[in-house]
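According to my numbering, the stretch in the sequence shown is residues 123 to 186, in order.
No residue lacks a Cβ here, since even glycine has one placed at the ideal position from N, Cα and C.
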Amino acid sequence: MLRLTFTEEEIDALHYERYLHPHPRVQQKMEALYLKSQKYAHKEITQLLSVYSFENKKSVPVRV
Numbered sequence: 123m124l125r126l127t128f129t130e131e132e133i134d135a136l137h138y139e140r141y142l143h144p145h146p147r148v149q150q151k152m153e154a155l156y157l158k159s160q161k162y163a164h165k166e167i168t169q170l171l172s173v174y175s176f177e178n179k180k181s182v183p184v185r186v
C-alpha cells in the first residue's frame with residue numbers, strides 16, 4: 123500500500139482548500155487528503171465523506 127506523508131505546510135494548505143476552494147469537487151478531494159494526513163483509515167474516510175469504496179470488485183456507495 124502507498125504510504126503518504128504530509129508536511130505541516132501541506133496540511134495547512136489542505137485545511138484551507140477543503141473549505142475555501144471555489145469548486146466543490148476539489149473541496150471534497152482536499153477533505154479526503156486532509157483526513158488522510160490526520161491518520162484516518164481509508165475506510166473511515168469513505169464513510170465520513172459518503173464516497174464510493176473500491177475495496178471489493180464492485181463499487182458500492184457507503185452510507186452513514
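Whole-angstrom distance between I167 and L157, CA atom to CA atom: Locating residue 157 in the sequence shown gives position 35, where the first residue counts as 1. Locating residue 167 in the sequence shown gives position 45, where the first residue counts as 1. Going from the Cα of L157 to the Cα of I167 covers about 7 angstroms.
Out of D134, R125 and L124, which one is the CA nearest neighbour of M152? As a position in the sequence shown, residue 152 is number 30, starting the count at 1. Residue D134 is the option with its Cα nearest to M152.
Rank Y162, Q160, S159 and Q150 by C-alpha distance to the C-alpha of L171 and give the top, closest one. For the purposes of this step, residue 171 is identified with residue 49 of the sequence shown, where counting begins at 1. Looking at the Cα atoms, Q150 is the closest of the given residues.
When we look at the beta-carbon of L155 and count the other beta-carbons within 10 Å, is it buried (16 or more) or exposed? Taking the first residue of the sequence shown as 1, we reach residue 155 at position 33. Buried: at least 16 other Cβ atoms inside 10 Å.
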